[in-house]
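Q: After the structure tokens below, expect a handful of questions from me.
Protein chains: 4
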Amino acid sequence: MALPRYAYLGPAGTFTEAALRQVVGPDACVELPQADVSSAIEAVRTGEADYAVVAIESTVEGGVTATLDSLAVGEPLVLLREVLVPVQFTLAAAPGVTPHDVHRISAHPHAWVQCRRWLARHLPGVVHVPATSNTAPAALIAERLAAGEDPLTLGFDAALVPPPAVETYGLTPLAEHVGDNPDAQTRFVVVGHPGEVPAPTGADKTTLVVHLPDNEAGALLAMLEQFATRGVNLSRIESRPIGDALGRYSFSIDAEGHIADERVGEAFMGLHRRCPYVRFLGSYPRADAQQTEVHVGTSDHDFVTARAWLDAIRGGAAT
Amino acid sequence: MALPRYAYLGPAGTFTEAALRQVVGPDACVELPQADVSSAIEAVRTGEADYAVVAIESTVEGGVTATLDSLAVGEPLVLLREVLVPVQFTLAAAPGVTPHDVHRISAHPHAWVQCRRWLARHLPGVVHVPATSNTAPAALIAERLAAGEDPLTLGFDAALVPPPAVETYGLTPLAEHVGDNPDAQTRFVVVGHPGEVPAPTGADKTTLVVHLPDNEAGALLAMLEQFATRGVNLSRIESRPIGDALGRYSFSIDAEGHIADERVGEAFMGLHRRCPYVRFLGSYPRADAQQTEVHVGTSDHDFVTARAWLDAIRGGAAT
Amino acid sequence: MALPRYAYLGPAGTFTEAALRQVVGPDACVELPQADVSSAIEAVRTGEADYAVVAIESTVEGGVTATLDSLAVGEPLVLLREVLVPVQFTLAAAPGVTPHDVHRISAHPHAWVQCRRWLARHLPGVVHVPATSNTAPAALIAERLAAGEDPLTLGFDAALVPPPAVETYGLTPLAEHVGDNPDAQTRFVVVGHPGEVPAPTGADKTTLVVHLPDNEAGALLAMLEQFATRGVNLSRIESRPIGDALGRYSFSIDAEGHIADERVGEAFMGLHRRCPYVRFLGSYPRADAQQTEVHVGTSDHDFVTARAWLDAIRGGAAT
Amino acid sequence: MALPRYAYLGPAGTFTEAALRQVVGPDACVELPQADVSSAIEAVRTGEADYAVVAIESTVEGGVTATLDSLAVGEPLVLLREVLVPVQFTLAAAPGVTPHDVHRISAHPHAWVQCRRWLARHLPGVVHVPATSNTAPAALIAERLAAGEDPLTLGFDAALVPPPAVETYGLTPLAEHVGDNPDAQTRFVVVGHPGEVPAPTGADKTTLVVHLPDNEAGALLAMLEQFATRGVNLSRIESRPIGDALGRYSFSIDAEGHIADERVGEAFMGLHRRCPYVRFLGSYPRADAQQTEVHVGTSDHDFVTARAWLDAIRGGAAT
């Protein structure tokens with residue numbers, strides 16, 4: 001049987017690759033590294049790949065806006081799973097380089113910003129040499145070493161790289177966990193074709209895109225009440241201009257719970273009835289496995305009981 | 001077959017009797033006049049009567065609060081029908097009396113207040129002789145006449161009475177439509193035992209009682225959002241202290257639509273899930289036959305379509 | 001100096017008189033008993049009285065609807081104070097009558113209903129002789145006694161009366177607290193002309209009338225959000241048909257707090273901006289003296305702080 | 001007098017430079033090109049620059065998330081102005097190259113995606129050579145030409161570049177407007193230090209960051225009601241994880257109107273009272289100059305009138 005094909009933001013050593021590793025082992029898939037998020041998603045649409053792994057909440061390698069916009073329109077795709085990747089950086093160099101040798105550091109600007117305080121404290125006065133990606137400086141060092149040349153001729157002495165890139169490119173770590181925010185993490189999702197929805201686990205998330213019927217101050221509220229009335233929490237909401245007219249917005253939303261949950265289902269029906277456009281982008285287990293908090297009166301049992309009660313009074317029973 | 005028995009606020013000639021006449025002819029029922037609204041309702045509970053006809057929005061003969069409180073607790077009863085009765089008054093007297101003879105008018109205080117402007121214009125200086133009910137002065141005149149005595153010895157020359165009381169008690173009308181508000185009307189309901197709910201007509205009303213879970217400013221809003229989210233208009237809402245604790249309230253509500261309507265049913269399920277007490281008091285045709293305004297996305301068809309769409313996406317269909 | 005004149009639902013011995021007694025002593029006012037609530041309120045408008053004492057939440061002697069409707073339109077009046085009167089009944093008779101003599105009881109139908117369970121337990125089989133008011137049977141007995149006649153010729157042996165009527169009319173109590181609900185109480189208000197608003201006490205209530213801009217399901221919600229957004233609880237809400245058009249409603253509302261409170265003031269401004277009609281009916285101390293619960297962020301201090309912060313950022317300050 | 005210093009995402013020829021050109025002429029400022037958005041914003045905080053020009057709604061060159069996160073915390077900065085830049089691409093090459101010569105195109109992956117349909121139609125089979133930025137291939141061609149070398153040795157025959165880059169780097173345009181969405185545009189903002197807020201124009205936007213008090217389904221609604229109750233429309237809302245705890249969110253919001261508007265001011269006070277964190281990020285003219293739609297009852301005049309009315313009723317006036 002053919003191995004599943006995964007498109008992702010490559011090359012080897014990126015945070016996205018780390019996300020991919022949480023999803024599937026290197027021997028259990030065909031890896032299709034892509035130049036950017038949109039290309040990874042498009043590869044699934046064209047059939048070139050079965051799945052894409054892309055960032056959906058992160059600044060460290062792009063994604064987010066590109067991911068949301070790519071999913072909101074075009075041939076329908078769904079999210080099948082999410083994974084969280086700690087955003088850590090390692091200061092690494094070619095073998096033989098010591099911290100005292102480090103005066104010029106190559107780093108993607110995003111990485112540089114996230115390590116700025118550590119650098120100011122431990123390597124004051126060090127010079128930033130911009131790189132085009134998080135793994136580019138590591139790849140350059142590896143190339144030089146493979147060619148038997150001196151990496152220092154590259155114009156930098158060390159690099160800020162994702163931890164997996166250290167081993168991938170044969171570097172020596174000089175300092176680990178040099179990011180200023182030790183809790184930083186990025187959320188990635190696995191994108192695939194619609195089909196069977198992953199079964200509910202009690203700790204699920206549901207992603208959707210919805211357009212408002214008009215631009216009134218109350219229209220956004222009315223849309224959100226479809227969730228609140230059924231006790232459904234939202235964990236992410238982002239407006240995006242629709243583009244076809246001034247002042248019209250599309251909302252990308254993560255709701256807590258699974259489409260199979262009664263409360264989520266009824267909220268979706270409410271959206272379908274009142275909003276001009278609703279796209280279901282999938283229900284999948286939460287990466288943090290945190291159980292959904294079920295508010296009073298909003299469990300599946302409450303819905304089933306309420307339905308039975310309604311049937312009874314419709315049939316003439318006394319209350 | 002036994003005729004149905006109707007309890008109502010008697011005696012003959014009251015506005016309530018006029019309401020009863022809209023419901024059933026005198027030969028098709030057993031009439032059980034009662035001294036007040038609570039007694040009429042209680043007569044149904046004890047089995048003495050099959051139905052009660054009582055005022056639910058009116059000041060002209062009481063009702064309203066007494067009706068609402070009697071229905072809110074105790075053995076469950078339901079509203080089966082509503083009728084509207086124009087609240088008109090006729091100035092009437094014993095045969096032979098002319099308008100020029102009228103210096104003292106007997107009237108229930110409610111009636112007096114509602115005819116005050118007409119009286120000031122047409123009979124300035126006339127004296128008010130309070131009566132204990134709208135029909136009491138007519139009955140007194142009839143008694144005197146039947147006994148061959150002079151009604152003027154009663155201490156008044158004429159009376160403000162409901163129009164049907166003129167003929168019932170053999171009076172002569174001196175002036176009709178003497179009420180100051182020509183559009184005044186009172187709403188009556190037919191109360192009976194739970195059983196088959198009257199079929200939807202497209203112009204229905206649903207009455208219910210509901211308690212709030214707590215006393216927060218937001219609890220009332222959250223309750224009302226159960227209606228608004230499904231596009232259900234309310235035509236009446238009244239809070240009543242529950243009585244078991246300070247600051248706790250019961251709400252008596254008329255919603256537009258029928259319990260068989262999808263939007264009303266879903267709203268009821270929402271109330272059942274979130275509120276500690278919900279009593280369905282019936283769905284019945286509106287007396288004014290005004291079709292329910294169905295807001296965008298809240299027709300039965302919209303609900304059915306939304307349910308089909310939900311089933312499809314739960315099954316893995318693309319959107 | 002002239003004594004203040006109080007109109008109220010008379011005669012002596014009514015619950016309304018008991019309410020009046022909480023407000024002012026008999027030697028400190030001129031009492032103007034009226035036949036009904038509307039007349040009492042109108043007496044203030046005509047200048048015949050300075051104040052009226054009327055029931056605003058009660059079934060025991062009428063009021064409520066009549067009170068609300070009378071205040072909602074016409075020359076503006078305001079509520080200055082509220083008092084709570086326990087609704088208790090005493091079984092009383094002419095001196096010399098004992099409980100064993102009691103086979104027929106005169107009672108206003110409202111009173112009869114409220115004592116039904118006690119009567120069934122203690123005087124099973126006793127007959128109800130309807131009275132036209134709570135105090136009427138007591139007055140009839142007193143008349144007979146004053147005339148030297150036998151009260152038993154009235155057709156009843158005892159009466160259910162408000163406790164104060166026992167002494168007023170020289171009766172003998174046979175049993176006290178015969179009402180089925182020991183906690184029953186009625187809320188009365190003192191109505192007067194607009195002028196200085198009673199000072200805030202921290203335990204205040206504010207009454208108002210408001211019309212909705214339209215008949216949408218959302219219009220009621222939008223009106224109530226004016227309160228909820230500022231953390232103002234409502235303790236009473238009642239819809240009343242406006243009467244000028246089908247489906248238009250007026251709302252009579254009691255809000256917790258004083259018009260001088262920042263949160264109440266801002267809510268009133270919101271109503272004034274959005275609703276076609278708002279009538280302020282007064283702020284006055286709560287009869288139960290229960291301090292208003294102030295939700296997080298809605299104290300006067302919070303408003304003042306927020307205003308200062310707004311002024312700062314409008315002036316260019318950093319936040 | 002020293003010229004104002006502007007930090008922006010460089011180098012010459014970027015869309016951000018086009019945005020900068022709308023703000024200030026090249027001779028009226030000192031240009032400080034930066035490697036990324038965060039660096040540009042940080043340059044203002046450190047004092048290196050007076051202003052930064054950064055993308056706030058765009059996918060074409062990054063920005064957005066980085067911009068929002070950089071502004072949400074740290075030393076307060078404000079938005080002073082927004083500008084819209086059409087996102088157009090030109091297919092350009094070294095002088096002498098004709099469309100028939102083009103088999104390999106260098107383009108930033110974002111650019112490639114946005115021109116895909118045009119390319120499929122007009123240059124089927126053309127090969128994508130990824131570039132590290134929108135202007136990088138143009139700069140490379142210019143370098144070769146300046147050095148007297150053949151640009152075709154770069155490995156590509158033409159490039160997709162922002163229109164201004166064509167002239168900047170001395171290229172020849174082969175085809176203009178090759179982007180698939182002719183209406184695509186990106187929103188940029190000018191960031192500076194707090195100080196005098198730009199005067200209201202009637203077509204303004206206000207940006208803020210706010211945290212919710214808790215994670216309830218109703219908390220987001222309650223926050224948004226602070227805007228809706230005052231009739232303030234939102235044109236952008238984006239949630240961002242706060243990072244200090246699971247499930248806590250920060251919201252970045254654009255509201256229509258100016259902080260000097262009464263309705264916006266009152267909404268801000270409401271947020272200040274109820275939410276744990278509110279940061280005002282500036283009021284500034286809308287780039288599209290579209291007048292703010294003022295809903296019924298929410299003009300400054302309505303607020304002033306309501307305040308006068310409230311003062312009157314607080315003083316005892318009749319309503």
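Residue numbers (the UniProt record's numbering), protein chains in the order written: chain A, 1 to 319; chain B, 1 to 319; chain C, 1 to 319; chain D, 1 to 319.
A virtual CB, placed ideally from N, CA and C, is assigned to each residue, including glycine.
Source: prediction; values computed, not measured.
Look at the Cβ atom of D/C275, then the Cβ atom of D/L212, and state whether they are nearer than 8 Å.
A: In contact: D/C275 and D/L212 (Cβ atoms closer than 8 Å).
Q: How big is the Cα-Cα spacing for B/A308 and B/G315?
A: Cα to Cα, the separation comes out at about 11 Å.
Q: In the DSSP assignment, the beta strand (DSSP E) including B/R81 goes from what residue to what residue?
A: 78-86 is the extent of the beta strand (DSSP E) around B/R81.
Q: In chain order, what residues of the same chain have a beta carbon less than 8 Å from the beta carbon of A/V126, not counting five sequence neighbours either side?
A: Counting only Cβ-Cβ distances below 8 Å, and skipping sequence neighbours, we find V102, H103, R104, I105, L119.
Q: At least one CB of chain A closer than 8 Å to the CB of B/L71: is that the case?
A: Taking Cβ atoms only, chain A never reaches closer than 8 Å to B/L71, which makes this a no.
Q: Quick one: measure Cβ to Cβ for D/L20 and D/V53, integer angstroms, because I've assumed they're closer than 8 Å.
A: Confirmed, Cβ separation roughly 5 Å.
Q: Using a Cβ-Cβ cutoff of less than 6 Å, which residues in the same chain neighbour D/D254 once the five nearest sequence positions on both sides are dropped?
A: K205, T207, S235, R236.
Q: Could you work out which residues of chain B lie near C/G179, taking near to mean beta carbons separated by less than 7 Å?
A: Simply none; closest approach about 12 Å.
Q: I'd like to know if D/H272 contacts chain C, where contact means its C-beta is closer than 8 Å to some C-beta of that chain.
A: So, interface residue.
Q: What residue does the alpha helix (DSSP H) around C/P173 start on, and which one ends it?
A: Note, C/P173: premise wrong, no alpha helix (DSSP H); beta strand (DSSP E) at 172-175.
Q: Chain C beta carbons: is any one of them nearer than 8 Å to that of D/I313?
A: Interface residue, yes.
Q: Hey, would you say residue 365 of chain B sits closer than 8 Å to B/A55, going by beta carbons?
A: Residue numbering for chain B in the displayed model covers 1 to 319; residue 365 of chain B lies beyond these limits and cannot be assessed.
Q: Tell me which residues of the segment 36-52 of chain C have at least one Cβ-Cβ distance to chain B shorter than 7 Å, keeping chain order.
A: Taking 7 Å as the Cβ-Cβ cut-off against chain B, the residues of the segment 36-52 of chain C that qualify are D36, S38, S39.
Q: Taking a contact to mean a Cβ-Cβ separation below 8 Å, would you say B/W112 touches B/H100 in this structure?
A: No, the Cβ-Cβ distance between B/W112 and B/H100 is not below 8 Å.
Q: Select from the segment 86-120 of chain C all residues with a C-beta closer than 7 Å to any C-beta belonging to chain F, and list them in chain order.
A: Of the chains in the structure shown, none is chain F; the protein chains are A, B, C and D.
Q: So the beta strand (DSSP E) A/L3 belongs to, where does it begin and stop?
A: Element bounds for A/L3: n/a, residue is neither H nor E.
Q: Could you work out which residues of chain A lie near D/G218, taking near to mean beta carbons separated by less than 8 Å?
A: Simply A228.
Q: Which ranges would you report for the alpha helix (DSSP H) in the segment 151-219 of chain A if only whole runs of at least 4 residues count?
A: Whole alpha helix (DSSP H) segments, 4+ residues: 163-168.
Q: Against A/R236, what residues of chain D qualify as contacts under a CB-to-CB distance less than 7 Å, listed in chain order?
A: Per Cβ cutoff of 7 Å: S239.
Q: Using a C-beta to C-beta distance shorter than 7 Å, which residues of chain B count as neighbours of A/I259?
A: Simply I313, R314.
Q: Quick check: what's the CA-CA separation for B/P164 versus B/V294?
A: In a straight line, the C-alpha of B/P164 is about 38 Å away from that of B/V294.
Q: Can you confirm whether A/T17, when its beta carbon is compared against all beta carbons of chain D, has any partner nearer than 8 Å?
A: Going by the sequence as given, residue 17 of chain A is Glu instead of Thr. By this cut-off, A/E17 is not an interface position.
Q: Is B/R286 buried or exposed, if buried means 16 or more other CB atoms sit within 10 Å of its CB?
A: When all chains shown are included, B/R286 counts as buried.
Q: Return the first residue and the last residue of the alpha helix (DSSP H) that C/L68 is part of.
A: That run of the alpha helix (DSSP H) goes 65-72.
Q: Go to C/H110, then tell me how far its alpha helix (DSSP H) extends in each direction, as first and last residue.
A: Here the alpha helix (DSSP H) through C/H110 covers 109-114.
Q: Can you say whether D/A312 is buried or exposed, counting buried as having 16 or more other CB atoms within 10 angstroms of its CB?
A: Looking at its Cβ environment, which holds fewer than 16 other Cβ atoms inside 10 Å, D/A312 is exposed.
Q: Ends of the alpha helix (DSSP H) at residue 377 of chain D?
A: For residue 377 of chain D there is no data in the structure shown, the boundaries of chain D being 1 and 319.
Q: Considering only DSSP beta bridges, list what D/S106 is partnered with.
A: D/S106 is bridged to D/V129, D/A159.
Q: Is C/R230 near C/D69, with beta carbons less than 8 Å apart?
A: Cβ atoms of C/R230 and C/D69: not closer than 8 Å.
Q: Use the C-beta contact count for C/Q291: other C-beta atoms within 10 angstroms, 16 or more gives buried, fewer gives exposed.
A: Per the 10 Å Cβ criterion, exposed.
Q: Just to check my reading of the structure: A/A158 and A/A66 have Cβ atoms closer than 8 Å, yes? What is that Cβ distance to the nearest angstrom?
A: Contact doesn't hold; Cβ gap of about 30 Å is too wide.
Q: Which residues, in order along the segment 194-206 of chain C, keep a beta-carbon less than 8 Å from a beta-carbon of chain D?
A: Residues passing the 8 Å Cβ filter: P194, G195, E196, V197.
Q: Using a Cβ-Cβ distance under 8 Å, would A/T305 count as near chain D?
A: Answer no: the Cβ-Cβ gap between A/T305 and chain D never drops below 8 Å.
Q: Comparing alpha-carbon positions, which option in D/F280, D/M269, D/D300 lies nearest C/T305?
A: It is D/M269.
Q: Report the start-end ranges of each beta strand (DSSP E) in the segment 18-60 of chain A that is 3 residues or longer and not cut off at the edges.
A: Entirely contained in the segment 18-60 of chain A, the beta strand (DSSP E) runs reaching 3 residues are, in chain order, 30-34, 51-57.
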